Amino acid sequence: MTERKGTAKVDFLKKIEKEIQQKWKDEGAFEVNASDAASQKSNGKYFATFPYPYMNGRLHLGHTFSLSKCEFAVGFQKLKGKACLFPFGLHCTGMPIKACADKLKREMELYGCPPEFPDEEEEEEEDSKEEEVVIKDKAKGKKSKAAAKTGSSKYQWGIMKSLGLSDEEIVKFSEAEHWLDYFPPLAIQDLKSMGLKIDWRRSFVTTDVNPYYDSFVRWQFLTLRERNKIKFGKRYTIYSPKDGQPCMDHDRQTGEGVGPQEYTLIKMKVVEPYPVKLSGLKGKNIFLVAATLRPETMFGQTNCWVRPDMKYIGFETLNGDIFICTQRAARNMSYQGFTKINGVVPVVKELMGEDILGAPLSAPLTSYKVIYTLPMLTIKEDKGTGVVTSVPSDSPDDIAALRDLKKKQPFRAKYGIKDDMVLPFEPVPVIEIPGYGQLSAPMICDELKIQSQNDREKLVEAKERLYLKGFYEGIMLVAEFKGQKIQDVKKIIQKKMVDNGEAMIYMEPEKQVMSRSADECVVALCDQWYLDYGEETWKKQTHECLKNLETFCEETRRNFEATLDWLQEHACSRTYGLGTRLPWDEQWLIESLSDSTIYMAFYTVAHLLQGGNLRGQGESPMRIRANQMSKEVWDYIFFKTAPFPATKIPKAVLDKLKQEFEFWYPVDLRASGKDLVPNHLSYYLYNHVAMWPNQREKWPVSVRANGHLLLNSEKMSKSTGNFLTLSEAVQKFSADGMRLALADAGDTVEDANFMETMADAGILRLYTWVEWVKEMLANWDSLRSGPADTFNDRVFFSEINAGIMKTEQNYEKMMFKEALKTGFFEFQTDSIMKASWPVPGPVDEILIRSSQYLTEAAHDLRLRLKNYMAPAKGKKSNKEVPQKPSHCTIYVAKNYPPWQHITLSVLRRHYQTSGGHLPDNKNNLQ
Numbered sequence: 060m061t062e063r064k065g066t067a068k069v070d071f072l073k074k075i076e077k078e079i080q081q082k083w084k085d086e087g088a089f090e091v092n093a094s095d096a097a098s099q100k101s102n103g104k105y106f107a108t109f110p111y112p113y114m115n116g117r118l119h120l121g122h123t124f125s126l127s128k129c130e131f132a133v134g135f136q137k138l139k140g141k142a143c144l145f146p147f148g149l150h151c152t153g154m155p156i157k158a159c160a161d162k163l164k165r166e167m168e169l170y171g172c173p174p175e176f177p178d179e180e181e182e183e184e185e186d187s188k189e190e191e192v193v194i195k196d197k198a199k200g201k202k203s204k205a206a207a208k209t210g211s212s213k214y215q216w217g218i219m220k221s222l223g224l225s226d227e228e229i230v231k232f233s234e235a236e237h238w239l240d241y242f243p244p245l246a247i248q249d250l251k252s253m254g255l256k257i258d259w260r261r262s263f264v265t266t267d268v269n270p271y272y273d274s275f276v277r278w279q280f281l282t283l284r285e286r287n288k289i290k291f292g293k294r295y296t297i298y299s300p301k302d303g304q305p306c307m308d309h310d311r312q313t314g315e316g317v318g319p320q321e322y323t324l325i326k327m328k329v330v331e332p333y334p335v336k337l338s339g340l341k342g343k344n345i346f347l348v349a350a351t352l353r354p355e356t357m358f359g360q361t362n363c364w365v366r367p368d369m370k371y372i373g374f375e376t377l378n379g380d381i382f383i384c385t386q387r388a389a390r391n392m393s394y395q396g397f398t399k400i401n402g403v404v405p406v407v408k409e410l411m412g413e414d415i416l417g418a419p420l421s422a423p424l425t426s427y428k429v430i431y432t433l434p435m436l437t438i439k440e441d442k443g444t445g446v447v448t449s450v451p452s453d454s455p456d457d458i459a460a461l462r463d464l465k466k467k468q469p470f471r472a473k474y475g476i477k478d479d480m481v482l483p484f485e486p487v488p489v490i491e492i493p494g495y496g497q498l499s500a501p502m503i504c505d506e507l508k509i510q511s512q513n514d515r516e517k518l519v520e521a522k523e524r525l526y527l528k529g530f531y532e533g534i535m536l537v538a539e540f541k542g543q544k545i546q547d548v549k550k551i552i553q554k555k556m557v558d559n560g561e562a563m564i565y566m567e568p569e570k571q572v573m574s575r576s577a578d579e580c581v582v583a584l585c586d587q588w589y590l591d592y593g594e595e596t597w598k599k600q601t602h603e604c605l606k607n608l609e610t611f612c613e614e615t616r617r618n619f620e621a622t623l624d625w626l627q628e629h630a631c632s633r634t635y636g637l638g639t640r641l642p643w644d645e646q647w648l649i650e651s652l653s654d655s656t657i658y659m660a661f662y663t664v665a666h667l668l669q670g671g672n673l674r675g676q677g678e679s680p681m682r683i684r685a686n687q688m689s690k691e692v693w694d695y696i697f698f699k700t701a702p703f704p705a706t707k708i709p710k711a712v713l714d715k716l717k718q719e720f721e722f723w724y725p726v727d728l729r730a731s732g733k734d735l736v737p738n739h740l741s742y743y744l745y746n747h748v749a750m751w752p753n754q755r756e757k758w759p760v761s762v763r764a765n766g767h768l769l770l771n772s773e774k775m776s777k778s779t780g781n782f783l784t785l786s787e788a789v790q791k792f793s794a795d796g797m798r799l800a801l802a803d804a805g806d807t808v809e810d811a812n813f814m815e816t817m818a819d820a821g822i823l824r825l826y827t828w829v830e831w832v833k834e835m836l837a838n839w840d841s842l843r844s845g846p847a848d849t850f851n852d853r854v855f856f857s858e859i860n861a862g863i864m865k866t867e868q869n870y871e872k873m874m875f876k877e878a879l880k881t882g883f884f885e886f887q888t889d890s891i892m893k894a895s896w897p898v899p900g901p902v903d904e905i906l907i908r909s910s911q912y913l914t915e916a917a918h919d920l921r922l923r924l925k926n927y928m929a930p931a932k933g934k935k936s937n938k939e940v941p942q943k944p945s946h947c948t949i950y951v952a953k954n955y956p957p958w959q960h961i962t963l964s965v966l967r968r969h970y971q972t973s974g975g976h977l978p979d980n981k982n983n984l985q
C-alpha cells in the first residue's frame, strides 16, 4: 500500500462527513416506514439488499465494494423521489464461529492460558494440513516452519492476536456467543462511518439467539416441507469426517462450489498366479478397482495401469472382497457403504504399485480373457483410485503409454513386464466418431504427432477434441449396443455392469475440499434432510423467474442458467455449528446457505418486532412476543390470501406488519459478488419461487453481480500486507474519497481494481470543489446577473442537460464508473438526502456540436499562429521574426453541415473584431 504525506485535506473532509452523518442520524434520514412513504406520495419504492456478511472478523474492502453497488443505486433512486429501503443484517449462522471458538478452547486446554505453544521443530509432523510457510535455515542447512503472517497463523490464538486483541480479551472468544456480541457492533460502526443509507432499526443477528428471526426461519422451513420441497434420505454429499457432518460452501476453507463427482468403479479380478505380495490372500476375491467416467468404453480394455512408486492398500469390503486402491480413495469408499463400519477402512495389506505389476486380471466386458497390470508413471494420487483401466482405442493417454511400453524393451524389463503381457494386445474398435473413425485415439495421436506419454500438452489437446465429440456424436460398434449413440447408452451400460456385480457407483469430490477445521472432505452417503432443487416442476418455475430477472450483464445470466441446469439436491441440515433447529426434527440444525434465502422478507417487519435490538431481546414496539409468532401468524403477514389466525395479537397490529411487507416486496436489487451465483443467489431464486409460487410480483426483480476486488492491481492478502479493512480505508481516504475509488474500480463481472492513487486524487478533488463553492458563495454579489440567453449560455444549458441524461442512464444500468465520469459531483443543498435528481431541459445537439467545432477551430488557429510567429530553429538562420497578422480568412466548403457554417462565421466575425486575438476557449465568446 502506498505511503501518504499530510492529512489536512482528508481530516477536513472527515470532519464534514461526521457532521453530516450526525445530522442524518438525528433526522432519521434513512428510517422509512410503509405508511410514511404512502402518505408522502413518493414516486414508487426501491428495496435493495446485500447478502449479510459473516461476523467472524472486521469487514474489508471486498465487502465494501460489493455493498457499494447497493449504496450507489439507493442514493440515485432516492434522488428520483422513490421511498428507498436498504436494510443490513449480520450473519452468525453456520460452522465458522463455532469451529474457531472450539479451536481456541482446545488450544487453551492443551497449551495453557495464555498458551505456550511447542517449538516449531517439536511439532513438525503435527497437523500438516494447516497452512504454513517453509523457511530455509541457510546457516544450519535444514528446514523449519513458521506460522504465516497476520491472518494465516497456525493457531487460532495467533489469529486473534493479529486482530489487536489482548490475552484477556481472547479468552472470551472461546465461547461462540461472545463472537455475536463483539463483531456485529464493529460492523455497524464501520458501515456507519462510510455513511451508508441504511435503516438500522431493521438490523439483526442470525441464529436462535434472536427469537424473532429464529421463528421466521422455522416458519420458512415448515412451509417448504409442507410444499414437498424438503425431503429425507441417503444422499451423496461433501462431508467432513473430522466435523462429523456435511460440509456446505460456507463451511469450507477451499473448494467452494465443488460437488460430488460420480464414477463407475470397475472391478478387475486378480487371477492366478497371484503376485508374491498377494499370495497370503489366497481364497479371497481380490479386485483392482478403477474409477472411470466412460463405462461405455470398457469393451476395449487391453490392460490396467498402476504407478510403481505409489502407495496402495488392500482393504476388506462389506461382503469380504478385497479392493486394491489408494488410501485416499478407500477413505471415500468407507463413507459410501463399502465397508462394515462407516468411516473405517479395514486395511489387510499395504503395497507399492511395483508389488502388483504383471498381475493377471479378469476385466468386465473386454474381449481379452486376461489382461495385465502395467506401469504408468503419470498417475496422480489426488484423483480417482490410483488404478486406471486402459482403453487405447479411445483414450489418447492409454495409446501413448501402450506404444511406449511396446517400443521400449528396457522399460518393460525394469519392472519385470514380460513381452506376452504387452505385445499381443492391440486396440479394440468400440466407438466410431465422425472424422476420427473406429480407432479415434490412435488416429488423433498420429495426426498430432504425439511421440510418447510425455507429450502432455498435445495429449490434453487430443482429449479435448475427442471426448466431447465422442459423447455427442459417437456411435457404438459392439454387442447389443451397436449403432446406438453414446449419450443414449452410457447409463444403460453402467447399470448393466452394476447389476452383474462387475462395477459399483463411486463418488469423490470434483476437486479437493478443505473444511474450516482443516479436514480434507470426502463424499459420504448420509441420512439427511435436503432441498430437492432438481425436482422438475420447481426447476422449471425457477427458470421462469430467471427469464424476468434483470442481471445487468449476459455473463451473469449465463452463470445462472448453467447453475439451474446442474443444480440437484442440497443438504440443508447438519449437527454442528450455530443456527435454527429443524422444527420437526430438532437433532438437526438448518445449514447456513439454506436459512439465508428469503430473509429479505424479515427485513420488512423486523423493526416492528424487535425495535432495533440486534438480538431481538428488547421490548417489541408492537408488544408482540416471539412465542406469539406462530406459523399461521407468519402466513397472514406474508401470504396475501391467508386467513386471520387465532391469536391475541390485535388485527390492526398484524395488518401493519402485512402493510410493510406488501409495500416493500419484491426485492428490487440484490447486489453480490459473482461467486455467489452458483449457490446463494440461485437458492435465493428457488426459495422465492417456492414460497410465493402464485405471486410472481413477489419474485426478485434484479441481481447485480460483480467481480473480485484487487487492491492496487494485486490480489488482496493479509499475509502480503496488501489488504485494507473498511475501517482503515475510511480512516485513510475519508468516506467519500474511498467511495470515489470504489465507483471507479470497475462495473463488470471481471476483477475490479481499487487504486489508492484514485482515492488520494478523490480527496484532492473533493477538497478543491468545497473550496470553490466557498469562493462562489463569498463572491455571490459580484457574479453575473440578468438574462442567460447568449450563445454560450445556450450551449451550457444543452451540455448540462445532456450530462444529466447520460448520467441517469448510467445509474439505471448500474454503471457507476461511467456515472462518475458523466456526472461528477452534483451541487448539494443543506443535506443531499433532501435533494432531487435534476430534471433536464431540452438538449440542442446542433448547438453543442457548433460549440465543439468552434472550440476545435479556435484551438487550431492558435496553434497555426504560434507556429507562424515562432523564431526559426538553428543558430545560422536569417529568418526575421514575422509581424503579427491583423486578420485571417477562413474558407468554408459548400458541403459542410449547416451548423459548421454557423460556427465558422461566428469565429470569423469574432476574430476580425477582437484585434486579432484568438479566444482561449468558447466561454470567452460573446
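Sequential numbering from 60 applies to the sequence shown in the working numbering.
Using N, Cα and C, we set each Cβ at its ideal position, and we do this for glycine too.
Only a predicted model underlies this, so the values are computations on that prediction, with no experimental measurement involved.
For residue j and residue i, believed in contact at Cβ under 8 angstroms, the rounded distance
| i | j | result |
| --- | --- | --- |
| R633 | R311 | R633 to R311, Cβ: 13 angstroms. No contact. |
| I492 | G533 | 5 angstroms |
| L906 | H119 | With 8 angstroms as the limit, L906 and H119 do not qualify as a contact, their Cβ atoms being about 48 angstroms apart. |
| Q80 | K251 | 7 angstroms |
| L518 | P455 | 5 angstroms |
| Q587 | A521 | Not a contact, Cβ separation roughly 41 angstroms. |
| G402 | P300 | 6 angstroms |
Beta-carbon contacts of residue i that lie in its chain and below 8 angstroms, excluding the five residues immediately before and after
| i | result |
| --- | --- |
| T866 | A878, T881, G882 |
| M556 | T323, I325, P354, M357, P423, L424, A562 |
| R117 | L222, F242, L245, A246, D249, T784, L785, S786 |
| E96 | Correcting the residue type first, residue 96 is Ala in the shown sequence and not Glu. So the list reads K104, A142, F722, once near-sequence residues are dropped. |
Under the three-state DSSP convention, the category residue i falls into
| i | result |
| --- | --- |
| N765 | strand |
| Y322 | strand |
| A630 | strand |
| V16 | No information on residue 16 is available, as it lies outside the stretch 60 to 985 that the chain covers here. |
| H946 | coil |
| T66 | coil |
| Q868 | helix |
| F720 | helix |
| N391 | helix |
| T816 | helix |
| G805 | coil |
| I75 | helix |
| F875 | helix |
| K528 | helix |
Beta-bridge partners of residue i, as assigned by DSSP
| i | result |
| --- | --- |
| K290 | Y589 |
| A583 | T296 |
| V489 | For V489, which the question treats as bridged, DSSP gives no partner whatsoever. |
| G373 | I383, K408 |
| E773 | L770 |
| H237 | BP columns for H237 are empty, so no partner. |
| A142 | K104 |
| Y742 | Beta-bridge pairing links Y742 to no other residue. |
| Q304 | S299 |
9 angstroms Cβ cutoff met for residue i and residue j
| i | j | result |
| --- | --- | --- |
| L281 | L590 | no |
| S761 | F611 | yes |
| F720 | T663 | yes |
| V489 | G342 | no |
| K336 | E375 | no |
Same chain, Cβ closer than 6 angstroms to residue i, neighbours up to 5 away in sequence not counted
| i | result |
| --- | --- |
| D226 | P173 |
| Q669 | Y271, G675 |
Cut-off 7 angstroms between Cβ atoms - residues of its own chain near residue i, not counting five sequence neighbours on either side
| i | result |
| --- | --- |
| E756 | P725 |
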